[in-house]
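Input: a single structure, listed below in structure tokens.
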Amino acid sequence: MVLMNTKVDKSKQTKDKYVMRNGKIVLNRPHQPSAQTSSAPASVSRKTSAPAHPSSAADKHKRNTPAKSANLSAPSVKRKASSPATPHFDDDDSSSDSDDDSQAGSRKRQKSSSHSSLEPEVQLKGRSIRRKGTDTSGADRMMSGAKLVASMPTSKFTNAFPDGSDSLASIKLQYPSNMPRERFTLVIPHESDEYAPLDDIITTVEQILRFYFPPEISEPLLDDSNGIPRRLKRAANPGKSSLANFKATIAEFNELVSNALADGTIAKVLDAKRSIPLALIQRILDQVYSRRVSSNVRELKQYENGGNNVYGELLPPLVTAILQQTGLTHGQVFVDLGSGVGNVVLQAALETGAKSWGVEEMANPARAAERQSEEFMQRTRLWGLTAGGIRLLHSDFTQSPEIDNVLKHADVVLINNQAFSPELNDKLLLKFLDLKEGCKIVSLKSFVPTSHRIAQHTIHDVRNTLRVEPKEYFSGSVSWTDAGGEYFIATKDRSALEEFMEQLNKAKR
């Protein structure tokens, strides 16, 4: 059964096809005809860039789908800036290389390499989401699914494929990059909110098939009755589980992805895209959060009742809506004031390619943000994707010269001021004086009362330069309630004030 054409040579129209053989998908390459001369100008076939892929016998696959989605905003990470006058970003745009599975060691931060040029036949405008290059350094700093399980007490899980022995099976999973495969230990958590490797694996496999392959390949592989995710679920079904079938299906998937990397199929698909769907963004953020935050989530709930430092997060669907409504894009600057564990900062960098800053005063969320930042940089490489530069600070945003400087260049500023005191909101208003024209401020409470009017005695009030638009969010948008609510997008716009001043000057003449 023919599943897809993977590439087309423009001069020969020769097709490579994935075919089903003995119940497995393999790449069938027809013999290439020898080149012939012709009086007509020959068309030149475009080489599709393909990352070097380590040949790997379809091994064991690792699961890394977190038990529940990452529901966090953005925390902070303390980093040293080159200078307040020159904002510095960690470049998240490095590529991977192919290896096996070594994941042990050094905690050094790896600066990623820059992109090589893209040469499609029709150059698409906008951001390139595919990470290019072959650097795999830093992979050992990732928290694999197996490492995460090893850090958990054995009382929290049970063997997913019991065979009477005490040994736990594991697999390695191929991602759409030449980074080393991720190892997963196949266990089932006792509690629904604990890390679930099988869910992680199956959801990851499904997202890779959906996003990295053309429809003619992905559709049969996602078939509800006999697609790869369905067969994995069937093999992992308690009471009817089959480790042999699970491993065989993972091996089939690994071979499919390896072949698609080697022949350029995945590169071609990514080069035709300019955005990343929310489902894939949530998958990556969930992996990062489950590995670096979930085990310490109790620490995040320690805050002072009635104070400004109340922890709460905007969830990914609301963040996506905000990013779209503000028009944030690559090449712009995003700032989250009170960024928590950094989720919103990471999402903005991944979803839009913008340079993204976050600052958090509370120590526990700031530490969690630092851990997430490290994991995020490596996981985006693992998924073969680019992200904007990220910078997370542990600081008081009302007293940070570095943040003051960044705000002058910001295009979008997010402030979860749901629990802020009037005094703190007033301090923030003073920060807005230096925002550039057109900058958008997103907040949970409006900085401009509905009764506010420009008047001669309030001529210097910064609120005169803010044009506010109320928005509505719905259930599943924030971490502290399942109810809907309001948020506000204020645009720095001096036109109303200038018009008032002009009329005032005319009246004085």
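Counting along the sequence shown from 1, when you hit position 271 you're at 271 in full-length UniProt numbering, and nothing is skipped either side.
Think of the CB as a built atom: it goes at the ideal place given N, C-alpha and C, for glycine as much as any other residue.
It should be emphasised that the depicted structure is a prediction, and the values quoted were computed from it without experimental measurement.
In this structure GLU472 is exposed. Its beta-carbon is surrounded by fewer than 16 other beta-carbon atoms within 10 angstroms. About 6 Å separates the CB atoms of ILE454 and LEU497; that is less than 8 Å, so the two are in contact. The beta carbon of VAL406 sits closer than 8 Å to the beta carbons of PRO87, VAL333, VAL335 and TRP357 from its chain, once the five residues preceding and following it are set aside; these are given in chain order. By the neighbour-count definition (other C-beta atoms within 10 Å, threshold 16), SER258 is a buried residue.
In the three-state reduction of the DSSP assignment, VAL319 falls in the helix class, which pools H, G and I.
Exclusion of the five residues before and after VAL412 leaves THR326, LEU328, PHE334 and LYS440 as the residues of its chain whose Cβ lies within less than 6 Å of its Cβ.
Taking 3 residues as the minimum length, the segment 358 to 390 contains no beta strand (DSSP E) run wholly inside it. In the displayed model, LEU173 falls within a strand according to three-state DSSP. Going by DSSP, ALA490 is part of no alpha helix (DSSP H) but of the beta strand (DSSP E) stretching over 485 to 492.
Per DSSP, PHE447 lies in no beta strand (DSSP E) and is assigned neither H nor E. The way I'd put it, the segment 362 to 377 does touch the segment 284 to 301; three or more beta-carbon pairs between them come closer than 8 Å.
TYR289: member of the alpha helix (DSSP H) spanning 278 to 292, first to last residue. By the criterion of at least three beta-carbon pairs nearer than 8 Å, the segment 236 to 245 is not in contact with the segment 203 to 218. For VAL413, the pairing in a beta bridge is given by DSSP as VAL335 and ILE441. Within the DSSP secondary-structure output, PHE474 pairs in no beta bridge. If you ignore the 5 residues before and after GLY485, its C-beta comes within less than 6 Å of the C-beta of TYR473, all in its own chain and listed in chain order. Judged by DSSP in its simplified three-state form, THR185 adopts strand. The shortest C-alpha to C-alpha distance from TRP480 to any of SER395, GLY312, LEU466 and HIS457 is the one to GLY312. Beta-bridge analysis with DSSP links ASN405 to no other residue. Close CB contacts of VAL359 within its chain, under the 7 Å cut and outside five residues either way in sequence, are with SER76, LEU337, SER339, LEU393, SER395, PHE397, SER400 and ILE403 (chain order). DSSP places ASN237 in no alpha helix (DSSP H); its state is neither H nor E. Rounded to the nearest whole angstrom, the C-alpha separation of PHE447 and GLY389 is 29 Å. Measuring C-alpha to C-alpha distances from LEU256 to each of LYS268, GLN282 and SER218 identifies SER218 as the nearest. Residue environment: ILE459 is assigned as exposed (fewer than 16 neighbouring CB atoms within 10 Å of its CB, all protein chains considered).
As computed with DSSP, PHE157 is found in a beta bridge with PRO189. In chain order, ASP404, LEU407 and LYS408 place their CB closer than 8 Å to the CB of ASP434, counting only its own chain and leaving out the 5 sequence neighbours on each side.
In the three-state reduction of the DSSP assignment, LYS427 falls in the helix class. In this structure the segment 157 to 173 does not lie against the segment 132 to 141, because fewer than three pairs of beta carbons, one per stretch, are closer than 8 Å. Going by beta carbons, LEU444 and ASN417 fall inside the 7 Å limit. ILE284 and PHE253 do not touch by the CB rule: their CB atoms are close to 18 Å apart, not below 8 Å. The DSSP-derived three-state label of LYS436 is coil. Here VAL468 carries a strand assignment [DSSP, helix/strand/coil].
If you look at PHE500, you'll find it in the alpha helix (DSSP H) that goes 495 to 508.
If you check the CB distance, THR185 and LEU198 do not come in under 7 Å.
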